[in-house]
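Residue numbers (the working numbering), protein chains in the order written: chain A, 11 to 106; chain B, 97 to 582. All C-beta atoms, glycine included, are put in the ideal place defined by N, C-alpha and C. Reviewing the structure listed below.
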Amino acid sequence: MSLTRADIERIAHLARLNLSDAEIPAYVESLSRIVDFVGELERAQTGDSAPMAHPLPGLSQRLRSDAVDEPDRREQYQRNAPAVEAGLYLVPKVIE
Amino acid sequence: MTLHTQSVAELGKGLHERKFSSVELTRALLERVRASQPTLNALITVTADQALAQAAAADAEIAAGRGGLLTGIPLVHKDIFCTEGVLTSCGSKMLANFESPYDATVVARLKSAGMVMLGKANMDEFAMGSSNETSYFGPVRNPWDTAMVPGGSSGGSAAVVAARLAPVATATDTGGSIRQPAALCGVTGLKPTYGRVSRYGMIAFASSLDQAGIICGSAEDAALLLGAMAGFDPRDSTSVDSPVPDYRTALGESLEGKTIGLVREFFDKGLDPSCEQPIREAIRQYERLGAKVREVSCPNLPLSVPTYYVVAPAECSSNLARFDGVRFGHRCENPRDLMDLYTRSRGEGFGAEVKRRIMTGTYVLSAGYYDAYYIKAQRVRQLISQDFARAFEQVDLLAGPTSPTPAFPIGAKVSDPITMYLNDIYTIGANLAGLPALSLPCGFSDGLPVGLQLIGPHFAEAKLLNAAHQYQQQTEWHKRIPEGYA
């Protein structure tokens, strides 16, 4: 196993995923196998090949003009929210 | 009159000649959907009332002498596309309560072309899967043999078209999710060039790879649909601003003198001999059509699966960070604090494969591993793209298998992620390089369909569709219908 239980717990914490104790061994096993599998890349002779972030040469990030062009649809969007009040999203208290 | 076996082009003609109405057509297909659901489970949501209203509106347009070739034609949207006021679940418990407040651009464009939505297609959760078994709403079954998977992630879209529940379905492809299910279900699937079709309102998985496309019955229908879907969208920052040709005009061109490259690395030991035989026969058909065939090599292509399983999970871990239980989607009961809200909502809302990919991505992006995995994979991605670019200096199109095997039994590969990932060994390259590619039916292996994959240079959709159409003029594989659905 290239990953340990502690590794999986650390990764799950970084990913903000709650895993039950019962779930963890299967992830130790499968993530270890995946990490070994992608480790094959280490052997590739990449030389000075530039890291490629997206597939279209010449594509650059477009900026829109700094003008309001969308209507206010807050109410409609908030219909999907688990808890709202007075137009605000409710979450557990953050500051005591 | 049998309506469900007709192509989009034939249906469009029939509607305009008033041989039947869109309401009649829609009713007939809704009945097929209803009858197939207990067996195939191809749809997550059926929008019957809305479909009949859209069909009536389409009939009125046609009666008034208006409307185009797609007016009144029913379709199914993959449940990854946002549809206003309709459940958009992406195959996940996380979004099992999400009614989108807006339409994806693809949905809006096809709606304004007069198309009628019958419902939303089942899919692997967040498009992560190659068998449609990761769906929160249960697996889709392959219409050719219901013990088999339909492929994935667009398994519902492929099953819908194979079972003639609708002549066309939208789909998306991040590593093969259009082409592989199209191959396994014996239908035609087109993944356009990265940036060709808008992704606004298409739930993101891996943003440098995702592309929207079509699963349908023929290259001719794909040409018709792509013309309506493609084009610049200011709402998608990766949408490419270049004119959309009429993809139908090139369909009839001769293949005389065209060169097709057989990718040597695609004919490896992983390719099932029962799939190789129909692929080789299809290549001979292309020679009879006048094409020159030669072998080419893309030496870095065997690294495409490990490259993909760094890049795609990395991007997925970032994209799926938005599902936090705050603004939409699943929220856990009685969260103790904000951290508990995040971690339990995500732990409960995502299925096992999605969690596995989020964690793989988190790992390869984490401190100390970023250069070794993520940057390294991006460098290999560059080499794979260069291999393709060099190949296209020598040939017009590339050809090979879509999938190493025909459809496999439900449950056969769920316990082994690596075996499942290797289903996409021949399709992932086109995503890494952003190339257009399609799969078309070219025969059978023991009663199950086999797909031929064609890959073209950037924005060469017209060439791909031309080559597929010429093949389909000479063969009948795309007209074969699974038993019980004729």
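Leaving out five residues on either side along the sequence, give the residues of the same chain with a beta carbon under 7 Å from the beta carbon of residue 413(B). Taking the second sequence and counting its residues from 1, one reaches residue 413(B) at position 317. Excluding positions up to five away in sequence, the list reads 454, 457, 458 and 461.
What residues of chain A sit near residue 104(B), judged by a beta carbon separation below 8 Å? Numbered from its first residue, the second sequence carries residue 104(B) at position 8. By Cβ distance, chain A contributes nothing, its closest Cβ being about 29 Å from residue 104(B), past 8 Å.
Chain-ordered neighbours of residue 451(B) on chain A, where CB pairs are closer than 9 Å: As a first step, residue 451(B) must be located in the second sequence, where it is residue number 355. Under the 9 Å cutoff, chain A gives 22, 25, 27, 29, 33 and 37.
Out of 97(B), 164(B) and 562(B), which one is the CA nearest neighbour of residue 354(B)? Here residue 354(B) refers to the residue found at position 258 of the second sequence. Proximity to residue 354(B) across 97(B), 164(B) and 562(B) peaks at 562(B), based on C-alpha coordinates.
Which word fits residue 430(B), buried or exposed, when buried means at least 16 other C-beta atoms lie within 10 angstroms of its C-beta? On the second sequence, residue 430(B) is found 334 positions in, with the first residue counted as 1. Per the 10 Å Cβ criterion, exposed.
Taking Cβ-Cβ distances shorter than 7 Å, what residues in chain B pair up with residue 81(A)? Numbered from its first residue, the first sequence carries residue 81(A) at position 71. Think of a sphere of 7 Å around the beta carbon of residue 81(A): no beta carbon from chain B falls inside it, the nearest being about 11 Å out.
Could you tell me if residue 130(B) is buried or exposed, where buried requires 16 or more neighbouring beta carbons within 10 angstroms of its beta carbon? Indexing the second sequence from 1 puts residue 130(B) at position 34. Looking at its Cβ environment, which holds fewer than 16 other Cβ atoms inside 10 Å, residue 130(B) is exposed.
Per the contact definition of three or more C-beta pairs closer than 8 Å, is the region 307-316 of chain B in contact with the region 276-294 of chain B? Contact between the region 276-294 of chain B and the region 307-316 of chain B is present: 3 or more CB-CB pairs across the two stretches fall below 8 Å.
Based on the DSSP output, what are the partners of residue 310(B) in its beta bridges? To locate residue 310(B), count along the second sequence from 1; it is residue 214. Residue pairing for residue 310(B): DSSP places it in a beta bridge opposite 266(B) and 286(B).
Can you tell me whether residue 388(B) is helix, strand or coil according to DSSP? For the purposes of this step, residue 388(B) is taken as the residue at position 292 of the second sequence. DSSP places residue 388(B) in strand when its eight states are reduced to three.
Closest to residue 364(B) by CA distance: which of 234(B), 335(B), 179(B) and 501(B) is it? In the second sequence, residue 364(B) corresponds to position 268, counting from 1. Considering only alpha carbons, the answer is 501(B).
Note down, one range per segment and in chain order, each alpha helix (DSSP H) of at least 4 residues found wholly within the region 418-458 of chain B. Whole alpha helix (DSSP H) segments, 4+ residues: 434-445.
Looking at C-beta atoms only, is the number of pairs between the region 145-164 of chain B and the region 116-127 of chain B that lie closer than 8 Å three or more? Touching, per the Cβ criterion.
Using the Cβ count rule (16 or more neighbours within 10 Å means buried), how would you classify residue 471(B)? Residue mapping note: residue 471(B) aligns to position 375 of the second sequence, counting from 1. By the 10 Å Cβ count, residue 471(B) comes out exposed.
Around the Cβ of residue 512(B), are there at least 16 other Cβ atoms within 10 angstroms (buried) or fewer (exposed)? For this step, residue 512(B) is matched to residue 416 along the second sequence. Result: exposed.
Measuring CB to CB, does residue 269(B) end up less than 9 Å from residue 523(B)? Numbered from its first residue, the second sequence carries residue 269(B) at position 173. Numbered from its first residue, the second sequence carries residue 523(B) at position 427. Pairing residue 269(B) with residue 523(B) gives a Cβ-Cβ distance under 9 Å.
What three-state label does DSSP hand residue 334(B) in the structure shown? Along the second sequence, read from residue 1 onward, the residue named residue 334(B) stands at position 238. Correct three-state label for residue 334(B): coil.
Pull the bridge partners of residue 95(A) from the DSSP assignment, please. Counting from 1 along the first sequence, the entry for residue 95(A) is found at position 85. Bridge partners of residue 95(A): 98(A).
Tell me which same chain residues have a C-beta within less than 6 Å of the C-beta of residue 492(B), skipping the five on either side of it? Looking up residue 492(B) in the second sequence gives position 396. Excluding residues up to 5 positions away in sequence, 354 and 355 lie with their Cβ nearer than 6 Å to the Cβ of residue 492(B) in the same chain.
Boundaries (first-last residue) of the beta strand (DSSP E) holding residue 545(B): Looking up residue 545(B) in the second sequence gives position 449. Start and end: 544-551.
Taking residue 244(B) as the reference, which of 572(B), 256(B) and 229(B) has the closest Cα? Locating residue 244(B) in the second sequence gives position 148, counting from the first residue. The candidate whose alpha carbon is nearest that of residue 244(B) is 229(B).
Quick check: the Cα distance between residue 263(B) and residue 169(B), rounded to an integer number of angstroms? Here residue 263(B) refers to the residue found at position 167 when the second sequence is read from its first residue. Here residue 169(B) refers to the residue found at position 73 when the second sequence is read from its first residue. The straight-line gap from Cα to Cα measures roughly 8 Å.
Let me see if you follow: with CB-CB separation under 9 Å, is residue 195(B) close to chain A or not? Counted from its first residue, the second sequence places residue 195(B) at position 99. Taking 9 Å as the threshold, the shortest C-beta distance from residue 195(B) to chain A falls below it.
Reducing DSSP to helix, strand and coil, say where residue 348(B) ends up. Indexing the second sequence from 1 puts residue 348(B) at position 252. Per DSSP, reduced to three states, the secondary structure at residue 348(B) is coil, with no helix or strand assignment.
Interfacial residues, the region 273-305 of chain B to chain A, with Cβ spacing under 7 Å: Answer in chain order: 290, 291 and 304.
Per DSSP, cross-strand counterpart(s) of residue 213(B): Along the second sequence, read from residue 1 onward, the residue named residue 213(B) stands at position 117. Answer is 171(B), bridged to residue 213(B).
For residue 45(A) and chain B, any beta-carbon pair shorter than 9 Å? The residue labelled residue 45(A) in the question sits at position 35 within the first sequence. Yes, its Cβ sits closer than 9 Å to a Cβ of chain B.
So that I know if they touch, is there some Cβ in chain B lying closer than 9 Å to that of residue 60(A)? For the purposes of this step, residue 60(A) is taken as the residue at position 50 of the first sequence. At least one chain B Cβ lies under 9 Å of residue 60(A).
For residue 276(B), count neighbouring Cβ atoms within 10 angstroms of its own Cβ and tell me buried if that reaches 16, exposed if not. The residue given as residue 276(B) occupies position 180 in the second sequence. Buried: at least 16 other Cβ atoms inside 10 Å.
Does residue 29(A) come out as helix, strand or coil in the three-state DSSP assignment? Residue 29(A) sits at position 19 when you count from the first residue of the first sequence. Here DSSP, grouped into helix, strand and coil, assigns residue 29(A) to coil.
Just verifying my parser: in three-state terms, what is the DSSP assignment at residue 46(B)? An answer regarding residue 46(B) cannot be provided, because it is not within the stretch 97 to 582 covered by chain B.
So residue 260(B) and residue 477(B) are supposed to be a Cβ contact under 8 Å. How far apart are they, rounded? The residue labelled residue 260(B) in the question sits at position 164 within the second sequence. The residue labelled residue 477(B) in the question sits at position 381 within the second sequence. At roughly 39 Å, the Cβ-Cβ gap does not stay under 8 Å, so residue 260(B) and residue 477(B) are not in contact.
When the Cα atoms are used, what is the spatial distance from residue 543(B) to residue 14(A)? By 1-based counting over the second sequence, the position of residue 543(B) is 447. By 1-based counting over the first sequence, the position of residue 14(A) is 4. Cα to Cα, residue 543(B) sits roughly 44 Å from residue 14(A).
Indicate, with yes or no, if the ligand GTP has a heavy atom lying under 8 Å from the CB of residue 225(B). Looking at this structure, you won't find the ligand GTP or any other ligand, since it has none at all.
Grab the span of the beta strand (DSSP E) containing residue 497(B) for me, first residue to last. Numbered from its first residue, the second sequence carries residue 497(B) at position 401. Counting along the chain, the beta strand (DSSP E) containing residue 497(B) begins and ends at 493-497.
Can you give me the start and stop residues for the alpha helix (DSSP H) that residue 359(B) sits inside? Walking along the second sequence from the start, residue 359(B) turns up at place 263. Note, residue 359(B): premise wrong, no alpha helix (DSSP H); beta strand (DSSP E) at 355-359.
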